[in-house]
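Chemist:
Protein chains: 2
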Amino acid sequence: MARRSTRQPSSTDDLDTRKAAILEAVVREHIDTAQPVGSSAVAATGHLAVSSATVRSEMVTLEREGYLAQPHTSAGRVPTDKGYRYFVDHLQAGVVGEAQQQQIKDFFANVRGEVEDVLAQTSTLLSQLTSYTSVVVGTGHAQSAILSTQLVSLDARHQLLVTVFADGSVTKHSVLSSFDVSHVEVAEASRQLNALLIGTVLDARVQVPSRLDHVATLVREAVATLHAEVPTLDGEQVFIGGSSKVAEAFDGVDTVRQVLAILEQELLVVSLVQDILDQGLSVAIGSEHGFEPLVSCAVIVAPVTIDGHPSGAVGLLGPTRMKYSEAMAAARAVSAQLTHHFDGDDRA
Amino acid sequence: MARRSTRQPSSTDDLDTRKAAILEAVVREHIDTAQPVGSSAVAATGHLAVSSATVRSEMVTLEREGYLAQPHTSAGRVPTDKGYRYFVDHLQAGVVGEAQQQQIKDFFANVRGEVEDVLAQTSTLLSQLTSYTSVVVGTGHAQSAILSTQLVSLDARHQLLVTVFADGSVTKHSVLSSFDVSHVEVAEASRQLNALLIGTVLDARVQVPSRLDHVATLVREAVATLHAEVPTLDGEQVFIGGSSKVAEAFDGVDTVRQVLAILEQELLVVSLVQDILDQGLSVAIGSEHGFEPLVSCAVIVAPVTIDGHPSGAVGLLGPTRMKYSEAMAAARAVSAQLTHHFDGDDRA
DNA sequence: TGTTAGCACTCAATTCTACTGAGTGCTAAC
DNA sequence: GTTAGCACTCAGTAGAATTGAGTGCTAACA
Numbered sequence: 097m098a099r100r101s102t103r104q105p106s107s108t109d110d111l112d113t114r115k116a117a118i119l120e121a122v123v124r125e126h127i128d129t130a131q132p133v134g135s136s137a138v139a140a141t142g143h144l145a146v147s148s149a150t151v152r153s154e155m156v157t158l159e160r161e162g163y164l165a166q167p168h169t170s171a172g173r174v175p176t177d178k179g180y181r182y183f184v185d186h187l188q189a190g191v192v193g194e195a196q197q198q199q200i201k202d203f204f205a206n207v208r209g210e211v212e213d214v215l216a217q218t219s220t221l222l223s224q225l226t227s228y229t230s231v232v233v234g235t236g237h238a239q240s241a242i243l244s245t246q247l248v249s250l251d252a253r254h255q256l257l258v259t260v261f262a263d264g265s266v267t268k269h270s271v272l273s274s275f276d277v278s279h280v281e282v283a284e285a286s287r288q289l290n291a292l293l294i295g296t297v298l299d300a301r302v303q304v305p306s307r308l309d310h311v312a313t314l315v316r317e318a319v320a321t322l323h324a325e326v327p328t329l330d331g332e333q334v335f336i337g338g339s340s341k342v343a344e345a346f347d348g349v350d351t352v353r354q355v356l357a358i359l360e361q362e363l364l365v366v367s368l369v370q371d372i373l374d375q376g377l378s379v380a381i382g383s384e385h386g387f388e389p390l391v392s393c394a395v396i397v398a399p400v401t402i403d404g405h406p407s408g409a410v411g412l413l414g415p416t417r418m419k420y421s422e423a424m425a426a427a428r429a430v431s432a433q434l435t436h437h438f439d440g441d442d443r444a
Numbered sequence: 097m098a099r100r101s102t103r104q105p106s107s108t109d110d111l112d113t114r115k116a117a118i119l120e121a122v123v124r125e126h127i128d129t130a131q132p133v134g135s136s137a138v139a140a141t142g143h144l145a146v147s148s149a150t151v152r153s154e155m156v157t158l159e160r161e162g163y164l165a166q167p168h169t170s171a172g173r174v175p176t177d178k179g180y181r182y183f184v185d186h187l188q189a190g191v192v193g194e195a196q197q198q199q200i201k202d203f204f205a206n207v208r209g210e211v212e213d214v215l216a217q218t219s220t221l222l223s224q225l226t227s228y229t230s231v232v233v234g235t236g237h238a239q240s241a242i243l244s245t246q247l248v249s250l251d252a253r254h255q256l257l258v259t260v261f262a263d264g265s266v267t268k269h270s271v272l273s274s275f276d277v278s279h280v281e282v283a284e285a286s287r288q289l290n291a292l293l294i295g296t297v298l299d300a301r302v303q304v305p306s307r308l309d310h311v312a313t314l315v316r317e318a319v320a321t322l323h324a325e326v327p328t329l330d331g332e333q334v335f336i337g338g339s340s341k342v343a344e345a346f347d348g349v350d351t352v353r354q355v356l357a358i359l360e361q362e363l364l365v366v367s368l369v370q371d372i373l374d375q376g377l378s379v380a381i382g383s384e385h386g387f388e389p390l391v392s393c394a395v396i397v398a399p400v401t402i403d404g405h406p407s408g409a410v411g412l413l414g415p416t417r418m419k420y421s422e423a424m425a426a427a428r429a430v431s432a433q434l435t436h437h438f439d440g441d442d443r444a
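Chains as they are written, first to last, in the numbering used here: chain A, 97 to 444; chain P, 97 to 444.
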């Protein structure tokens with residue numbers, strides 16, 4: 097049960113049962129209706145046998161303590177980020193519905209294709225399951241050993257370095273040489289590259305030949321090109337599904353535009369997801385992720401592991417008033433299945 | 097100057113100079129303001145020395161002939177798809193502004209990385225230049241000869257078939273064998289695959305070995321896996337840039353959602369662009385592309401060729417009241433530069 | 001014959017008003 | 001501590017009046 101340690105350090109983060117029940121009712125109702133929730137509506141839920149007046153006075157407290165807010169004097173209450181946080185940490189508990197469970201099962205039973213395809217389709221699945229925009233992140237191959245490299249000649253000046261990693265990923269890098277290279281030379285360079293690189297990881301130091309002949313130069317250039325990838329987000333893959341859901345989930349064209357603009361910058365999305373995971377959170381609500389343009393969003397993440405070590409994540413992005421229970425359950429179910437899928441019998 | 101031959105076959109598609117001038121004024125103004133344009137606004141442009149009354153009577157004709165429409169009785173006129181079409185075919189003429197020309201130049205001077213990266217970045221560029229959503233399509237490698245294949249062993253049962261094509265594209269395919277395979281066998285299979293496939297195109301028939309030993313089986317499976325790709329859109333690549341612009345360009349959350357949903361289905365986008373190109377058009381306005389959900393959109397396309405043969409396209413998607421001149425000019429400029437880029441000195 | 005000024009007419013959009021009602025905070029009684 | 005009662009607030013709505021942009025028509029004009 098992750099919790100923010102920063103922000104509101106003074107609050108004890110504990111509510112008596114009744115306050116909690118009222119908060120829960122407000123959150124539930126507001127998620128449902130998108131409207132401010134009044135004291136009488138809470139009293140009418142029947143979960144607590146008190147009058148609206150009592151609810152009202154409790155609400156004043158809840159508001160003072162920062163769990164609720166009032167859009168204007170004569171309106172009901174709306175949960176704050178802190179209110180949602182309490183709800184998520186203490187109150188909600190979701191399971192995936194029968195039908196959805198089945199849908200997930202069917203999906204993973206039938207899905208085929210390369211890892212990338214599976215991830216992309218998973219993203220679509222998750223978005224369909226929840227009606228929120230989904231993000232699937234696959235970590236790069238920086239820590240994966242190189243299984244094989246091959247230098248292929250496109251023409252006299254252009255070679256293509258194709259590298260296969262132990263995790264099954266493949267990269268290609270163009271190598272432009274400043275002199276004409278024969279097929280024989282390319283083949284020899286390819287052989288040397290294999291000898292040099294097989295078994296190493298991307299950021300390992302390797303001993304490149306210092307000679308000045310064509311082959312050695314080619315080898316040096318190839319290694320340099322390959323290693324140039326390391327500093328950038330190496331081979332991180334992002335798959336975003338259901339970006340059209342953004343238009344449904346948020347009102348206000350401006351918010352929609354802003355969120356979409358963020359989603360376009362995939363690096364941002366990756367680091368956002370990574371940040372949240374690093375904090376040990378599974379949900380970041382509103383301002384919690386400290387990412388200004390997304391204050392009106394909540395982000396749910398669930399890690400995916402392969403053979404025990406972290407190798408990606410699935411995420412969901414929705415409005416702060418999203419259906420946490422369902423969405424979190426779906427994210428967890430999918431991430432578990434995904435983990436299972438890649439751990440399991442076939443890697444294809 | 098492409099023109100639709102279907103639809104409105106009765107119309108002569110010719111307007112006298114004054115009508116044309118009025119239509120032009122209406123289109124220009126409406127693109128600018130997004131509001132219906134009145135007769136006095138047209139008269140006030142100064143481009144024609146007549147009173148608003150005269151403009152009015154001409155507008156009645158233009159409306160009767162289908163170039164203009166009136167949202168309601170006491171409003172100005174708005175161009176119809178046909179009106180825009182006339183405008184595009186006869187009236188607009190755009191050049192790319194200094195600054196933009198420079199931006200394009202700078203971009204292509206500095207861009208580096210693999211083809212995919214270039215295309216993705218180009219898509220972003222085009223979207224930034226025009227403030228519309230851009231689509232960059234790269235055709236597949238179906239017609240490209242295979243330069244090299246390599247079978248790499250991930251573990252005893254899993255192999256990865258990596259194929260390099262003459263156009264510089266690389267594919268990977270998982271091959272799952274039903275028996276354990278040794279490294280030696282994989283190496284031998286890899287050698288045979290090379291012998292078999294190098295120089296062929298994807299949909300070519302190749303003579304696979306019919307023997308039943310491990311190596312032969314492996315070879316058969318690998319070839320089958322590779323060839324299974326042909327029927328689908330083989331290696332078509334789509335890069336969509338600036339989907340957030342959708343939220344700006346269209347009003348009405350519903351339209352935004354619909355357009356975004358279309359953009360998510362990349363196959364649809366590819367076939368849309370392809371359709372328009374096949375019709376010899378460079379712009380499809382509203383209902384012209386016959387694609388119901390996009391009736392409020394206009395799509396601009398410009399082909400990209402490599403070494404003379406068509407190998408992709410750049411496109412822009414905006415509202416029917418988009419800035420055709422600028423957008424078309426930008427699309428043309430970028431497609432030309434892209435063509436040049438890939439024809440030119442370096443392929444990287 | 002084509003053009004234009006003038007005018008009555010239409011109708012969306014705006015403004016204003018009054019009103020409604022959901023919801024509050026406070027208080028006094030239980 | 002709880003609750004009924006009440007005065008108060010204020011967004012939202014509905015209706016009426018007004019505005020004004022724009023039209024179509026007609027009659028006069030070059």
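Note that the Cβ used here is the ideal one computed from N, Cα and C, for glycine as well.
Just so we're clear, the structure is a prediction, and the values are computed from it rather than from any experiment.
Can you list the residues of chain P that A/R353 reaches, using a CB-CB cut of under 7 Å?
Modeler: Residue numbering aside, residue 353 of chain A sits at position 257 when the first sequence is read from its first letter. Under the 7 Å cutoff, chain P gives S340, A343 and E344.
Chemist: Put P/F261 into one of helix, strand or coil per three-state DSSP.
Modeler: Start at 1 with the first residue of the second sequence, and residue 261 of chain P comes out as number 165. It is a strand residue.
Chemist: How close, in whole Å, do the beta carbons of P/A343 and A/V352 come, if the pair is a contact with beta carbons under 8 Å?
Modeler: To locate residue 343 of chain P, count along the second sequence from 1; it is residue 247. To locate residue 352 of chain A, count along the first sequence from 1; it is residue 256. Indeed they touch by this definition, with Cβ atoms about 5 Å apart.
Chemist: Does DSSP classify P/R173 as helix, strand or coil?
Modeler: Start at 1 with the first residue of the second sequence, and residue 173 of chain P comes out as number 77. P/R173: strand per DSSP, three-state reduction.
Chemist: Do you know offhand how far A/A398's Cα is from A/R173's?
Modeler: On the first sequence, residue 398 of chain A is found 302 positions in, with the first residue counted as 1. On the first sequence, residue 173 of chain A is found 77 positions in, with the first residue counted as 1. Those two C-alpha atoms are separated by around 31 Å.
Chemist: Residues bridged to A/A291 by DSSP?
Modeler: Start at 1 with the first residue of the first sequence, and residue 291 of chain A comes out as number 195. Answer is none; A/A291 lacks a bridge partner.
Chemist: Would you mind telling me which residues of chain A sit closer than 9 Å to P/L250, beta carbon to beta carbon, in chain order?
Modeler: Mapped onto the second sequence, residue 250 of chain P falls at position 154. What P/L250 touches in chain A: L243, V260, A262, D263, G264 and R443.
Chemist: Compare the C-beta of P/L363 against all C-beta atoms of chain A and say whether one is closer than 7 Å.
Modeler: Reading the second sequence from its first residue, position 267 is the one you call residue 363 of chain P. No, P/L363 lies away from the interface with chain A (no Cβ there is under 7 Å from its Cβ).
Chemist: For A/M97, which residues in the same chain have their Cβ closer than 7 Å to its Cβ, ignoring the five residues on either side in sequence?
Modeler: Walking along the first sequence from the start, residue 97 of chain A turns up at place 1. The pLDDT assigned to A/M97 is 39, lower than 50, so where the model puts this residue is not dependable; a value taken from the coordinates is nonetheless given after this. Within the same chain, A/M97 has close Cβ partners D185.
Chemist: Measuring CB atoms only, is the stretch 195-206 of chain A touching the stretch 332-347 of chain A, in the sense that at least three cross pairs come out at less than 8 Å?
Modeler: The stretch 195-206 of chain A, when compared against the stretch 332-347 of chain A, does not touch it at the 8 Å Cβ threshold.
Chemist: Can you tell me whether A/I268 is helix, strand or coil according to DSSP?
Modeler: The count along the first sequence starts at 1 and reaches residue 268 of chain A at position 172. The sequence as given places Lys at residue 268 of chain A; Ile does not occur at that position. In this structure, A/K268 counts as strand in the three-state DSSP scheme.
Chemist: Return helix, strand or coil for P/A195, following the three-state DSSP convention.
Modeler: Translated into the one-based positions of the second sequence, residue 195 of chain P becomes position 99. Looking at P/A195 - three-state DSSP - the assignment turns out to be helix.
Chemist: With 7 Å set as the bound, which would you pick, yes or no: does the beta-carbon of P/L356 sit closer than that to a beta-carbon of chain A?
Modeler: Taking the first residue of the second sequence as 1, we reach residue 356 of chain P at position 260. So yes, P/L356 belongs to the interface.
Chemist: Which residue marks the beginning of the beta strand (DSSP E) containing A/L222, and which one marks its end?
Modeler: Walking along the first sequence from the start, residue 222 of chain A turns up at place 126. Taken as a continuous stretch (DSSP letters only), A/L222 belongs to no beta strand (DSSP E), being part of the alpha helix (DSSP H) at V211 to T226.
Chemist: Output the distance between the C-alpha atoms of A/P305 and A/Q288, rounded to the nearest integer angstrom.
Modeler: By 1-based counting over the first sequence, the position of residue 305 of chain A is 209. By 1-based counting over the first sequence, the position of residue 288 of chain A is 192. Using only the alpha carbons, I get a separation of about 9 Å.
Chemist: Thinking just about the alpha-carbon of each residue, which of P/G408, P/A140 and P/D263 is nearest to the one in A/Q254?
Modeler: Reading the first sequence from its first residue, position 158 is the one you call residue 254 of chain A. It is worth fixing the name first, because residue 254 of chain A is His in this sequence and not Gln. Closest option to A/H254, Cα to Cα, is P/D263.
Chemist: Can you pull the chain A neighbours of P/K268, defined as C-beta to C-beta under 7 Å?
Modeler: As a first step, residue 268 of chain P must be located in the second sequence, where it is residue number 172. Within chain A, the residues near P/K268 are E210 and V266.
Chemist: What does DSSP give as the partner residues of P/I381 in its beta bridges?
Modeler: As a working mapping, residue 381 of chain P is identified with position 285 in the second sequence. For P/I381, which the question treats as bridged, DSSP gives the partners P/A394.
Chemist: Looking at the structure shown, is P/V122 part of a helix, part of a strand, or coil, going by DSSP?
Modeler: Within the second sequence, numbered from 1, the residue matching residue 122 of chain P stands at position 26. P/V122: helix per DSSP, three-state reduction.
Chemist: What separation, rounded to the nearest whole angstrom, lies between the Cα atoms of A/E125 and A/S147?
Modeler: Residue 125 of chain A sits at position 29 when you count from the first residue of the first sequence. Residue 147 of chain A sits at position 51 when you count from the first residue of the first sequence. A/E125 and A/S147: Cα-Cα distance of roughly 18 Å.
Chemist: Under 7 Å, Cβ to Cβ, is there at least one residue of chain P near A/Q246?
Modeler: Numbered from 1 along the first sequence, position 150 holds the residue referred to as residue 246 of chain A. So, interface residue.
Chemist: Is the CB-CB distance between A/V133 and A/I118 below 7 Å?
Modeler: To locate residue 133 of chain A, count along the first sequence from 1; it is residue 37. To locate residue 118 of chain A, count along the first sequence from 1; it is residue 22. No, Cβ-Cβ distance for A/V133 and A/I118 is not below 7 Å.
Chemist: Put P/Q354 into one of helix, strand or coil per three-state DSSP.
Modeler: Taking the first residue of the second sequence as 1, we reach residue 354 of chain P at position 258. In this structure, P/Q354 counts as helix in the three-state DSSP scheme.
Chemist: Tell me which same chain residues have a C-beta within less than 7 Å of the C-beta of A/Q246, skipping the five on either side of it?
Modeler: Looking up residue 246 of chain A in the first sequence gives position 150. Hits under 7 Å: V258 and S286.
Chemist: Helix, strand or coil, according to DSSP, for P/Q131 in the structure here?
Modeler: For this step, residue 131 of chain P is matched to residue 35 along the second sequence. In the structure shown, P/Q131 sits in coil (DSSP, three-state: anything other than H, G, I, E or B).
Chemist: Cutting at 6 Å between CB atoms, please list the residues of its own chain near A/T220, excluding the five before and the five after it.
Modeler: Counting from 1 along the first sequence, the entry for residue 220 of chain A is found at position 124. Once the five neighbours on either side are set aside, the close Cβ partners of A/T220 are G337.
Chemist: Quick one: using the 10 Å Cβ neighbour count with 16 as the cut-off for buried, is P/R160 buried or exposed?
Modeler: For the purposes of this step, residue 160 of chain P is taken as residue 64 along the second sequence, with counting starting at 1. P/R160 should be labelled exposed.
Chemist: Whole angstroms is fine: what's the gap from A/H279's alpha carbon to A/S249's?
Modeler: Counting from one through the first sequence, the residue named residue 279 of chain A turns up at place 183. Counting from one through the first sequence, the residue named residue 249 of chain A turns up at place 153. Cα to Cα, the separation comes out at about 7 Å.
Chemist: By the DSSP assignment, the beta strand (DSSP E) with P/T229 in it spans what residues?
Modeler: As a position in the second sequence, residue 229 of chain P is number 133, starting the count at 1. That run of the beta strand (DSSP E) goes T229 to G234.
Chemist: Tell me which same chain residues have a C-beta within less than 6 Å of the C-beta of P/A380, skipping the five on either side of it?
Modeler: Position 284 of the second sequence, counting from 1, holds the residue named residue 380 of chain P. Excluding residues within five positions, the ones whose Cβ falls inside 6 Å are I372 and V395.
Chemist: I want to see whether chain A comes within less than 7 Å of P/E325, judged by CB atoms only; does it?
Modeler: The residue given as residue 325 of chain P occupies position 229 in the second sequence. Chain A contact via Cβ: absent.
Chemist: In chain order, what residues of the same chain have a beta carbon less than 6 Å from the beta carbon of P/S244, not counting five sequence neighbours either side?
Modeler: The residue labelled residue 244 of chain P in the question sits at position 148 within the second sequence. Only V260 meet the Cβ criterion.
Chemist: With DSSP run on the structure shown, which of helix, strand or coil describes P/R99?
Modeler: To locate residue 99 of chain P, count along the second sequence from 1; it is residue 3. Confidence is the limiting factor: at P/R99 the pLDDT is only 38, short of 50, which leaves the residue's position unreliable and the question unanswerable from this model.
Chemist: Buried or exposed, going by whether 16 or more other CB atoms sit within 10 Å of the CB of A/A444?
Modeler: Here the question's residue 444 of chain A lines up with position 348 in the first sequence. Model confidence at A/A444 stands at a pLDDT of 39, short of 50, so the residue's coordinates are unreliable and nothing is read from them.
Chemist: Return the residue from the list P/A145, P/T296 and P/L111 that minimises the CA-CA distance to P/Q239.
Modeler: Residue 239 of chain P sits at position 143 when you count from the first residue of the second sequence. Minimum Cα distance to P/Q239 is reached at P/T296.
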